[in-house]
Every structure is written in C-alpha cells, then in structure tokens.
Amino acid sequence: MRRILSCVLGAGAVAAAALSPACAQDGYPNRPIKIAIPYPAGGLVDTVTRVLGDRLSRALGQQIILESRPGANGSVAAASVARAEPDGYTLMMITEGHAVNPSVFGKLTYDSIKDFTPIGFVGKSPMLLTVHPSIPARTVAEYIKLAKEKPDSLTYGSIGYGSASHLAGEVFRVRAGIATRHVPFRGGAPALNDLLAGHLNSMFITPIIGLQHFQSGALAPLAIAATERFELLPNIPTMAEAGFPLEAAYWFGLVAPAGIPDTAQRKLEAALAQVLAEPETRSRLAQMGAVVTPMNAGEFGKFIASELTTWSKFIQDNNIKAE
C-alpha cells in the first residue's frame with residue numbers, strides 16, 4: 000500500500016494521467032498484448048502462434064492480438080517490433096530467419112540481438128527432403144547420384160531467401176557436393192503448389208504439410224532431417240539412417256523489444272513456460288509437426304547468438320545472398 004501511495008503522490012498533479020513505468024507495471028498486464036507474426040496467415044508459424052496465443056491469453060488474463068506482418072523473411076516484422084514501445088505489450092514470434100537475415104540481406108534497420116529481449120524458446124519442426132514423383136529417386140543416395148549425373152538440372156524450392164527450407168537445401172547441396180538450383184517463393188503455399196505440379200523437383204517441407212500428399216502418392220518423401228523418425232511417418236528414415244546425417248528444422252520463440260520492464264519480462268517468461276508444460280498444448284503442436292523443446296529467456300538468448308554465428312559463417316563461406 001505504501002508503494003502504491005508513493006507512486007500516486009509522487010506524480011503530483013498529473014498522477015492520475017501518467018504513472019511512472021515502474022508503477023504502471025505493478026498491474027501488468029492490464030490491457031491486450033500484441034504478437035507480430037512474420038509470415039503469411041495459414042502457414043506453420045501462424046498456426047503455432049495462434050495455438051500459443053490462445054493459451055497465453057488464459058495464463059495472463061488478457062486478450063492476445065495476432066498481427067501478420069510478412070515480408071523479407073521476417074525482417075519487416077522485426078523492424079517494426081524493434082521500434083515499438085518497450086512496455087511488454089508488443090511481442091514477436093521469431094524463427095530461424097531472425098538469426099539468418101543479417102547475413103542474407105546485409106544491413107538491416109535493427110540489431111537481431113541488441114534490439115530484442117528474449118522471452119522463451121518454443122520448439123522446432125523438422126523437415127523432410129521431398130521430391131516430385133517424376134524424379135527417379137526414392138532414396139537420398141539416388142537423389143545425390145542423379146544430381147551428380149545431371150549438374151544444374153534439378154531444382155529445389157523454398158519459402159524465401161534465408162528461410163529454413165532455403166538453408167536446408169543449401170546445406171544439403173554443399174555437403175553432398177551437388178549442383179542444384181534454388182527457386183525461392185513468397186510463402187509455403189505457392190512453393191508447395193509448384194512442387195505438386197512438378198514445376199519444382201524437390202523441397203524440404205514439414206511432415207504435416209506433406210502428410211496427405213505422401214499418402215496419396217502426389218509427393219515422395221526421401222528422409223527426415225531429424226534425430227528420430229516422425230511418429231505419423233514411421234517408415235520414412237532419418238537422413239542419418241539414409242547415410243547422410245543432416246538436421247534441419249523451423250524453430251520458434253518469443254521476443255519483445257529491448258528494454259521492457261523486468262516485471263513484464265518475468266511474467267511473460269513464466270506464462271510461456273506454464274503454457275508449454277501443458278499436455279494439451281504439446282499435443283496440439285505435435286499435431287502440427289512441432290516438437291516442444293522449451294528454453295528460458297537466458298538460454299534462448301544464447302541460442303539466438305549461437306545461430307547468428309553459425310549461419311553467418313556458412314552464408315559467408317558459400318556466398319549466399321538474396322537476389
């Protein structure tokens with residue numbers, strides 16, 4: 000009570016209109032919280048964020064508003080969030096693109112580390128190397144052999160420069176010593192449509208996106224880039240089992256603008272941890288092909304820094320740039 004009185008009285012004649020940030024945070028959150036989504040509606044990042052937003056709303060007792068701000072592999076949304084008021088009411092679901100964009104797109108209007116406060120890591124969604132049935136390869140070894148026999152003839156698609164699907168294709172190309180051509184798209188839907196139509200030869204896609212197409216024979220999965228087989232596709236080997244060890248996945252995590260109040264940061268971190276521990280949340284995300292692997296704010300911050308270092312070196316070594 001003494002602290003509340005000091006906040007009100009210390010503000011003088013304008014106390015009722017403008018409490019200090021520390022005082023205002025005593026009741027955090029007391030209004031809706033916005034989460035920026037850096038990719039188009041209907042995609043994996045969007046659906047994962049919607050599931051988490053619904054549960055975070057319950058945990059925090061406030062409405063969660065989702066705002067789609069696609070463009071430049073997430074850098075459009077990141078630039079907006081970096082400039083937002085650091086009051087804990089603007090968040091962003093970042094992906095691997097957050098750690099890749101500085102190297103792929105060159106100078107950005109924000110710093111991927113300094114301009115953001117980590118809240119927590121959510122999880123990953125591993126990808127499968129997939130081909131159109133017209134490609135005469137049903138194993139990773141056969142695909143590599145075909146690519147070496149016909150350099151520059153095979154294409155692989157992605158949802159855009161710097162995306163997980165792009166980088167998975169690049170890592171695979173470099174390690175396998177093959178010459179394949181990258182075809183970027185603005186989003187997963189148009190890329191998948193071209194793969195299904197046979198205009199693309201191959202692509203790294205998530206299991207859930209490909210599941211029905213694998214079952215119908217419209218697409219042929221070669222191997223999953225994960226340490227374990229996917230539960231709903233038990234007959235598809237891992238890349239390691241296929242003789243070519245490779246892990247590739249989309250990942251997700253929440254951040255806020257740099258400088259948010261400690262109270263807000265702690266409440267958001269605790270709420271996210273609570274939500275990710277709920278069996279219902281884990282089950283819903285698993286149905287989307289996302290594996291929950293939580294990290295606290297400190298661990299997530301170190302993870303982002305590590306990803307920046309790793310991808311910066313790979314991108315520089317292999318001269319990967321957005322065109």
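So in numbering that gives the first Met the number 0, the last one in the sequence shown is 322, and the numbering has no gaps at all.
The beta-carbon is built from N, C-alpha and C at its ideal position, and this holds for glycine as well.
Everything numeric in this text was worked out from a predicted model, so none of it was measured.
Near residue 28, which residues of its chain fall below 8 Å by C-beta distance, leaving aside the five closest residues on each side in sequence? Excluding positions up to five away in sequence, the list reads 59, 60, 61, 87, 88, 263, 266.
Measuring only the C-alpha atoms, how far is residue 196 from residue 170? The C-alpha of residue 196 lies about 25 Å from the C-alpha of residue 170.
Does residue 316 pass the burial test, meaning 16 or more other C-beta atoms within 10 Å, or should it be called exposed? By the neighbour-count rule (16 or more Cβ atoms within 10 Å), residue 316 is not buried but exposed.
Can you give me the C-alpha to C-alpha distance between residue 234 and residue 222, rounded to a whole angstrom? When rounded, the distance between both Cα atoms is 9 Å.
State the beta-bridge partners of residue 144 as determined by DSSP. Note: residue 144 sits in no beta bridge, so no partner.
Within the chosen definition, does the stretch 97 to 117 reach the stretch 294 to 303 through at least 3 CB pairs nearer than 8 Å? Three or more Cβ pairs closer than 8 Å define a contact, and the stretch 97 to 117 meets that threshold against the stretch 294 to 303.
Kindly identify the DSSP beta-bridge partner or partners of residue 149. By DSSP's assignment, residue 149 forms no beta bridge with any residue.
Quick one: Cα of residue 286 to Cα of residue 47, how far? Approximately 10 Å, taken between the alpha carbons.
Below 8 Å, how does it come out for the stretch 74 to 84 and the stretch 213 to 230: are there three or more Cβ pairs, yes or no? By the criterion of at least three beta-carbon pairs nearer than 8 Å, the stretch 74 to 84 is not in contact with the stretch 213 to 230.
Can you give me the Cβ contacts of residue 319 inside the same chain, cut-off strictly under 7 Å, excluding the 5 residues immediately before and after it? Same-chain partners within the cutoff: 103, 169.
Run through the DSSP bridge pairs and tell me what residue 256 is partnered with. In DSSP, residue 256 forms a bridge with 115.
Going by C-alpha to C-alpha distance, which of 64, 238, 72 sits closest to residue 38? Nearest option by C-alpha distance: 72.
Tell me which same chain residues have a C-beta within less than 7 Å of the C-beta of residue 162, skipping the five on either side of it? Excluding its 5 nearest sequence neighbours in each direction, residue 162 has C-beta neighbours in its own chain below 7 Å: 72, 96, listed in chain order.
Out of 278, 26, 297, point me to the one whose CA is closest to residue 51's CA. For the options 278, 26, 297, the alpha carbon positioned closest to that of residue 51 is the one of 278.
Give, in chain order, every unbroken run of the alpha helix (DSSP H) that is at least 4 residues long and sits entirely within the stretch 141 to 221. Residue ranges of uninterrupted alpha helix (DSSP H) with 4 or more members, entirely inside the stretch 141 to 221 and ordered along the chain, are 163 to 175, 187 to 196, 206 to 215.
Under three-state DSSP, which class holds residue 225? It is coil, neither helix nor strand.
Going by DSSP in three states, residue 266 sits in which element: helix, strand or coil? Reduced to three states, the DSSP call for residue 266 is helix.
Between which two residues does the beta strand (DSSP E) holding residue 66 run? That run of the beta strand (DSSP E) goes 63 to 67.
Are the beta-carbon atoms of residue 226 and residue 126 separated by less than 7 Å? Against a cut-off of 7 Å, the Cβ pair of residue 126 and residue 226 comes out as no contact.
Please state whether DSSP places residue 52 in a helix, a strand or coil. When DSSP states are grouped into helix, strand and coil, residue 52 belongs to the helix group.
Separation of residue 194 from residue 314, as counted between CA atoms: C-alpha separation (whole angstroms): 25 Å.
Can you tell me the Cα-Cα spacing of residue 335 and residue 150, whole angstroms? There is simply no residue 335 to check, as the chain begins at 0 and stops at 322 in what is shown.
Exposed or buried, what is residue 113 when buried is set at 16 or more other beta-carbons lying within 10 Å of its beta-carbon? The residue in question, residue 113, is exposed, as its Cβ has fewer than 16 Cβ neighbours within 10 Å.
Which of the three DSSP states is assigned to residue 319 in this structure? It is coil, neither helix nor strand.
Reduced DSSP category for residue 124 - H, G, I as helix; E, B as strand; rest coil: Of the three classes helix, strand and coil, the one that applies to residue 124 here is strand, per DSSP.
Can you list, in chain order, the residues of its chain whose CB lies under 8 Å from that of residue 106, leaving out five sequence neighbours each side? The beta carbon of residue 106 sits closer than 8 Å to none of the beta carbons in its chain outside the five residues before and after it.
Give the C-beta separation of residue 215 and residue 190 to the nearest angstrom, bearing in mind that I take them to be a contact with Cβ-Cβ under 8 Å. With a beta-carbon spacing of about 18 Å, residue 215 and residue 190 fall beyond the 8 Å limit used to define contacts.
Can the beta-carbon of residue 153 be found closer than 7 Å to that of residue 129? No, these two residues do not count as a Cβ contact at 7 Å.
Let me know if residue 40 comes out buried or exposed under the rule of 16 or more other beta-carbons within 10 Å of its beta-carbon. Exposed.
Give me the DSSP bridge partner(s) of residue 294. Within the DSSP secondary-structure output, residue 294 pairs in a beta bridge with 120.
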